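Enquirer: Numbering (the working numbering), first residue to last: 99 to 268.
1) Quick one: is residue 163 buried, meaning 16 or more other Cβ sit within 10 Å of its Cβ, or exposed?
2) Take residue 334 as the anchor and find which of 242, 208, 183 and 142 has the nearest alpha-carbon.
3) Under the DSSP definition of a beta bridge, which residues are partnered with residue 182?
4) Please return the same chain residues whose Cβ sits closer than 8 Å to the Cβ of residue 187, not counting the five positions on each side in sequence.
5) Determine the direct distance from the alpha carbon of residue 236 to that of residue 147, and round the result to whole angstroms.
6) Exposed or buried, residue 189, counting other C-beta atoms within 10 Å across all chains shown (16 or more means buried)?
7) With H, G and I counted as helix, E and B as strand and the rest as coil, what does DSSP make of residue 263?
8) Return the bridge partner residues of residue 246 from the DSSP annotation.
If you want it as structure tokens, here you go:
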């Protein structure tokens, strides 16, 4: 479950991480996540106000303008397109900090295997049998995975079995 903030980055991604972190920090905000697609040249920067956990349009404009002074740097791809936004309501959960901020809330997990293959057939509720996409309440996290709840069922799902996780609404 690695992303651009925690994965092994190539040199261009590492430079983007450093640049994004600097620009967003200089604007008084936090870098939530970023994604760079070298094929299209699209750089998506997800920001938030550390006090509110959201970003206003004014924050996005401020960060976008903060990149202006860097656009002539030689290492930047010629086809670069910048998008700055809030991570949104259904934000990706990737880092330890992301999961900590989602404790007690519902999360949507896209699993690599069917739910019953992870938790065992005898523990699997009928509603979740055969499912690879499940909505559960996040109870806690460990170094190895997540502790979650579905109705009265408490389960642990290893990070290795999770393709993607997003914050969900009730």
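Note that beta-carbon positions come from the ideal geometry of N, C-alpha and C, so glycine has one too.
All values reported here derive from a predicted model rather than from experimental measurement.
Expert: Taking the structure as given:
1) By 1-based counting over the chain shown, the position of residue 163 is 65. Residue 163 comes out exposed.
2) In the structure as shown, the chain starts at 99 and stops at 268, and residue 334 therefore has no counterpart that could be examined.
3) By 1-based counting over the chain shown, the position of residue 182 is 84. Residue 182 pairs with 143.
4) As a working mapping, residue 187 is identified with position 89 in the chain shown. Excluding residues within five positions, the ones whose Cβ falls inside 8 Å are 265 and 267.
5) Residue mapping note: residue 147 aligns to position 49 of the chain shown, counting from 1. Residue mapping note: residue 236 aligns to position 138 of the chain shown, counting from 1. Residue 147 and residue 236 have their C-alpha atoms roughly 23 Å apart.
6) Here the question's residue 189 lines up with position 91 in the chain shown. Residue 189 comes out buried.
7) By 1-based counting over the chain shown, the position of residue 263 is 165. Here residue 263 carries a strand assignment [DSSP, helix/strand/coil].
8) As a working note, residue 246 is residue 148 in the chain shown. As computed with DSSP, residue 246 is found in a beta bridge with 236 and 253.
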